[in-house]
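Asker: Numbering follows my numbering, in which position 78 of the sequence shown is assigned residue number 76; successive positions increment by one, without gaps. The C-beta atom is built at its ideal place from N, Cα and C for all residues, glycine as well. Predicted model only: the values in this text are computed from it and were never measured. This is the structure I have questions about; it appears just below.
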Amino acid sequence: MPHYRARAWRTVTRMTWPMHVHLAPAIIPSLFSRYYRALATLRVVEWANPVPARTCNRWNKRAPVISIANDLNGQNDKTMTITRTAVAHDAMKDTARTWFETLRDRICAAFEQIEDEAAAAHAPALPGKDVPGRFERTPWNRTNEDGTPGGGGVISLMRGRVFEKVGVNVSTVSGEFSPGFRDSIPGASEDPRFFATGISLVAHMCSPLVPAAHFNTRMIITTQGWFGGGGDITPMFPESAEAISDAERFHDGFRRACEKHDPGYYPRFRDWCDKYFYLPHRNEPRGLGGIFYDRLDTGDIDADFAFTRDVGLGFLETYPDIVRGRMMEKWTPEQRTAQLIRRGRYVEFNLLHDRGTIFGLKTGGNTEAILMSLPPEVQWP
């Protein structure tokens, strides 16, 4: 486990973020185009000797073709058809969406159980936070500027006595990348249309002795298809023995998930996480890491999806137990102040360095959705 320096905190001023947020998964909602065109019905046009969709990938030249018809004002005689080669991920859309929603349900149930356990055991709580929290779900739909549907999702938000603010959200969206960003997305320069489905979670805790955490997994389709995701842990006192122990347990869950599939995954994705969740202006990491992976397309979609499922289960099997192990510990006002300052690192990273946040704000996306990961209360020296 890498060693991180703790910093001395000084006198602080307080900033409170609005508690009402419109949450959505980090599956590139930030790249939605203002100039999104009308989508219509997808239909598969098979070749004379088609290859089953589940076995197709971008190297398979005999894959079926996806024909996308844009019906202008409902007039069939004005239909323009654009085709692209199908990828294996096209056949996985419903399966992936169902998994992300199932995982959401399991995580929410685990977190609500923790809330009940804490109340029954009279765990320390913030003033006014005595009642066990429950998730409130709010479905949302995205409408394009021309009035056509662009998908949607479900916000699951809880404010409790253990979880000060936690969002566990799913969404399935489709759209078109804007001209300024399509060149940076694999396969989008050939055809800017995309499909994305996934789950995203950010947990900010009441206790400064319980680490915050982030997790997300997703599937994205352009003219290519891939999986991505990961998670990281952010203890408030990263040099402490307790924080290092918690981080080791957190890493072990992801390590086991990785080693089931490829022994090279964990060191590769761990290092990727450390590099990504880093604040160069402070020369320090955001937390104690985890794993991060993107554009995973090995040519075996079943294996890639199985790995993505195991990453989610790795988080579910470790983080709730870490929370249980710390939620009964008492904390001091000084530790709470240090927690609020540490949260400032979270804000700085997301506003200054996170690619999804930057893309979303520059392309006129939903601000509340883009800033879903910000903590409810934060301080700076």
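(1) Using CA coordinates, which residue listed in Q111, P122, V168 is at the minimum distance from N139?
(2) Should G310 and D230 be called a contact, given that it needs their Cβ atoms to be closer than 8 angstroms?
(3) When the Cα of Y276 is compared with those of R343, R324, D298, R159, which residue comes out closest?
(4) Measuring only the C-alpha atoms, how far is G223 from I105?
(5) My output table needs one value for G158: the three-state DSSP class, helix, strand or coil.
(6) Comparing the C-beta of A241 with each C-beta of chain B, is any distance below 8 angstroms?
(7) From what residue to what residue does the alpha helix (DSSP H) around R254 run?
(8) Once DSSP output is grouped into helix, strand and coil, what is the label at M90?
(9) Alpha carbon to alpha carbon, how far is R324 from L207?
(10) Measure the Cβ-Cβ separation of I197 and L101 and say whether it is below 8 angstroms.
(11) Does the Cβ-Cβ distance between A255 and L286 come in under 8 angstroms?
(12) With distances taken from CA atoms, which of R341, S371, D292 is nearest T355?
(13) Alpha carbon to alpha carbon, how far is L314 from A304? Give it in angstroms, no decimals.
(14) Would you grab the beta carbon distance between F213 and P190 for me? Rounded to a whole angstrom, and I think it's under 8 angstroms.
(15) Based on DSSP bridge pairs, tell me the residues matched to R135.
(16) Considering only the alpha carbon of each residue, which of D319, P236, T221 lies closest to G251?
(17) With distance defined between alpha-carbon atoms, name the residue in F109, F347, F290 nearest to N281.
Answerer: If we stick to the structure as given:
(1) The residue you call residue 139 lines up with position 141 of the sequence shown. Of the candidates Q111, P122, V168, the one whose C-alpha sits nearest the C-alpha of N139 is V168.
(2) On the sequence shown, position 312 is the one that residue 310 refers to. On the sequence shown, position 232 is the one that residue 230 refers to. No.
(3) On the sequence shown, position 278 is the one that residue 276 refers to. Of R343, R324, D298, R159, the residue nearest in Cα terms is R343.
(4) Here residue 223 is taken as the residue at index 225 of the sequence shown, counted from 1. Here residue 105 is taken as the residue at index 107 of the sequence shown, counted from 1. Cα-Cα distance, rounded: 26 angstroms.
(5) Here residue 158 is taken as the residue at index 160 of the sequence shown, counted from 1. If DSSP states are grouped into helix, strand and coil, G158 belongs with coil.
(6) No chain B appears in the structure shown, which is made up of a single protein chain.
(7) Along the sequence shown, read from residue 1 onward, the residue named residue 254 stands at position 256. Unbroken alpha helix (DSSP H) run through R254: 239 to 257.
(8) In the sequence shown, counting from the first residue as 1, residue 90 sits at position 92. Three-state DSSP puts M90 in a helix.
(9) Locating residue 324 in the sequence shown gives position 326, where the first residue counts as 1. Locating residue 207 in the sequence shown gives position 209, where the first residue counts as 1. Computed Cα separation, rounded: 6 angstroms.
(10) Taking the first residue of the sequence shown as 1, we reach residue 197 at position 199. Taking the first residue of the sequence shown as 1, we reach residue 101 at position 103. Going by C-beta atoms, I197 is nearer than 8 angstroms to L101.
(11) Position 257 of the sequence shown holds residue 255. Position 288 of the sequence shown holds residue 286. No, Cβ-Cβ distance for A255 and L286 is not below 8 angstroms.
(12) Translated into the one-based positions of the sequence shown, residue 355 becomes position 357. T355 has its Cα closest to that of S371, out of R341, S371, D292.
(13) Reading the sequence shown from its first residue, position 306 is the one you call residue 304. Reading the sequence shown from its first residue, position 316 is the one you call residue 314. Looking at the two C-alpha atoms, the distance is approximately 15 angstroms.
(14) Position 215 of the sequence shown, counted from the first residue, corresponds to residue 213. Position 192 of the sequence shown, counted from the first residue, corresponds to residue 190. That belief does not hold up - the Cβ atoms of F213 and P190 are roughly 29 angstroms apart, past 8 angstroms.
(15) Here residue 135 corresponds to residue number 137 of the sequence shown, with the count starting at 1. According to DSSP, R135 bridges with S154.
(16) Within the sequence shown, the letter at position 253 stands for residue 251. Residue nearest to G251 within the set D319, P236, T221 is D319 (criterion: CA-CA distance).
(17) If you number the sequence shown from 1, residue 281 lands on position 283. Ranking the options by Cα distance to N281, first place goes to F347.
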